[in-house]
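With the first letter of the sequence shown counted as 1, position 217 gets the number 229 in the numbering used here; the numbers rise by one all the way through. Cβ atoms here follow ideal geometry from the backbone N, Cα and C, with glycine treated the same way. First up is the structure itself, then whatever we jot down about it.
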Amino acid sequence: MHLTDTLIPVIALVRQTIDTAAAPAFLRPSTAAPAVPRPLPAAPRPVASQPASAGGSPFAPQPIGEMAANGNASANANANAVAIADAPPAPAPLPSLAPRASVSNASSGTPAEDAARARALAEAIDEAIDQARHEARIHNFVPSDFDNALFAVLAWADEVLISSEWAGAPHWQRHLMQRRHFNTTTAGVSFYARLDDLRDDQADVREVFALCLALGFKGRYAQERSSRQLDERRRVTLQKVLDEGGVPAATGAVLFPQAYVSEESARAAQTGVEPAARRVRWRLRRQTLIGFGLPVVVLAVLYGTYHLIIVQMVNALLPLIQ
Numbered sequence: 013m014h015l016t017d018t019l020i021p022v023i024a025l026v027r028q029t030i031d032t033a034a035a036p037a038f039l040r041p042s043t044a045a046p047a048v049p050r051p052l053p054a055a056p057r058p059v060a061s062q063p064a065s066a067g068g069s070p071f072a073p074q075p076i077g078e079m080a081a082n083g084n085a086s087a088n089a090n091a092n093a094v095a096i097a098d099a100p101p102a103p104a105p106l107p108s109l110a111p112r113a114s115v116s117n118a119s120s121g122t123p124a125e126d127a128a129r130a131r132a133l134a135e136a137i138d139e140a141i142d143q144a145r146h147e148a149r150i151h152n153f154v155p156s157d158f159d160n161a162l163f164a165v166l167a168w169a170d171e172v173l174i175s176s177e178w179a180g181a182p183h184w185q186r187h188l189m190q191r192r193h194f195n196t197t198t199a200g201v202s203f204y205a206r207l208d209d210l211r212d213d214q215a216d217v218r219e220v221f222a223l224c225l226a227l228g229f230k231g232r233y234a235q236e237r238s239s240r241q242l243d244e245r246r247r248v249t250l251q252k253v254l255d256e257g258g259v260p261a262a263t264g265a266v267l268f269p270q271a272y273v274s275e276e277s278a279r280a281a282q283t284g285v286e287p288a289a290r291r292v293r294w295r296l297r298r299q300t301l302i303g304f305g306l307p308v309v310v311l312a313v314l315y316g317t318y319h320l321i322i323v324q325m326v327n328a329l330l331p332l333i334q
């Protein structure tokens with residue numbers, strides 16, 4: 013396990029926060045409650061006929077006009093009730109495709125909510141740092157090496173969080189990780205001072221510094237118009253990391269093994285006996301040479317023979333023609 017591996021959770025937490033804030037609005041996670049379809053209104057129940065009044069008879073004759081009007085009204089009411097009862101239920105409303113506000117957007121909440129976001133992230137980073145320290149102790153990393161690597165990561169985290177579009181960026185000055193863990197606010201300068209002070213045997217620590225530079229840390233070079241010095245810093249640091257650790261998948265491998273004298277070749281030079289591999293290669297070369305050279309020799313001999321025969325025939329025919 014490398015020293016970088018212990019700090020990856022801290023880096024991932026910061027990157028996730030920044031990437032969420034920089035994503036388009038419709039790709040950001042939303043905390044809004046999902047739309048709940050409203051229940052359909054209940055169908056009106058048909059009204060029962062009123063009983064006859066005490067003073068009148070239900071069989072009392074009514075005028076023809078009233079009977080027709082009452083009959084039509086009753087028929088219409090019954091038809092409407094049946095139509096509503098038999099109608100299929102209305103489909104649920106489709107979810108809205110409009111972009112939703114994100115909790116990570118700087119304009120999505122009140123200043124108090126944004127300050128709460130900054131405080132919550134600081135607490136989450138503190139927990140990740142505690143876990144990283146625990147992992148470093150388990151794997152017996154030198155405490156000073158871990159502190160140097162942690163300083164580089166926190167300097168990068170403070171810089172990118174303050175300069176990002178994250179909602180809590182305006183409030184991050186109150187929760188600077190470099191001040192909480194190293195009691196400083198000049199990490200932009202101290203970052204490069206610590207990098208220059210690293211020894212040759214602190215390759216793991218230099219690897220963390222190179223990672224932070226690759227992730228965009230600028231520090232004291234942030235205000236310069238030209239990025240030439242910063243690019244040179246990154247290049248030199250990365251080159252030194254590669255020179256110290258090499259390519260991980262090819263550590264200890266020789267780039268051009270043909271240029272080095274093997275033990276078998278050195279022994280053959282001392283004893284005068286050719287190694288077996290070289291003898292096999294020479295046999296292969298000899299067989300190849302014979303296979304390609306013999307047909308050429310045969311063709312050359314045939315060509316010379318036929319040439320002599322033709323010359324003799326021509327010399328014999330010339331006197332007869334003249």
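Sequence-distant partners of Asp170 (beyond 5 residues in either direction) whose C-beta falls short of 8 Å from its own C-beta, in its chain, are Trp184, Leu188, Met189, Gln190 and Ala199. The shortest CA-to-CA distance from Val26 to any of Trp168, Thr249 and His193 is the one to Trp168.
Take Glu256, set aside five residues on each side of it, and the residues of its chain with a beta-carbon closer than 6 Å to its own are Ala215, in chain order. Contact check for Val217 against Asp157 passes: the beta carbons are separated by less than 9 Å. If you draw a 10 Å sphere on the C-beta of Asn160, you find 16 or more other C-beta atoms in it, and that means buried. The beta-carbon distance between Gly231 and Phe194, rounded to whole angstroms, is 14 Å. This is too long to meet the 8 Å contact definition.
Across the set Leu15, Arg129, Leu225 and Leu329, the C-alpha of Leu15 shows the shortest separation from the C-alpha of Asn152.
In the DSSP assignment, Tyr204 falls within the unbroken alpha helix (DSSP H) covering Ala199 to Asp208. The shortest CA-to-CA distance from Leu254 to any of Ala312, Leu19 and Leu223 is the one to Leu223. Counted as a single uninterrupted DSSP element, the alpha helix (DSSP H) harbouring Asp142 occupies residues Pro123 to Ile150. If you ignore the 5 residues before and after Gln241, its C-beta comes within less than 7 Å of the C-beta of Tyr233, all in its own chain and listed in chain order.
In its chain, beyond the 5 residues on either side, Ala181, Trp184 and Gln185 have a beta carbon closer than 8 Å to the beta carbon of Ile174.
Secondary structure note for Ala234: it is in no alpha helix (DSSP H), with a DSSP letter that is neither H nor E. By the neighbour-count definition (other C-beta atoms within 10 Å, threshold 16), Leu133 is a buried residue. Cβ atoms of Val165 and Val220 come within 8 Å of each other, at about 7 Å. Distance check between Asp126 and each of Asp209, Pro155, Thr196 and Ala179 places Ala179 closest, using alpha-carbon atoms only. In the structure shown, the three-state DSSP call for Leu227 is coil.
For Phe163, the secondary structure class from DSSP, reduced to helix, strand or coil, is helix.
Within the model, the alpha-carbon separation for Val310 versus Leu329 is close to 29 Å.
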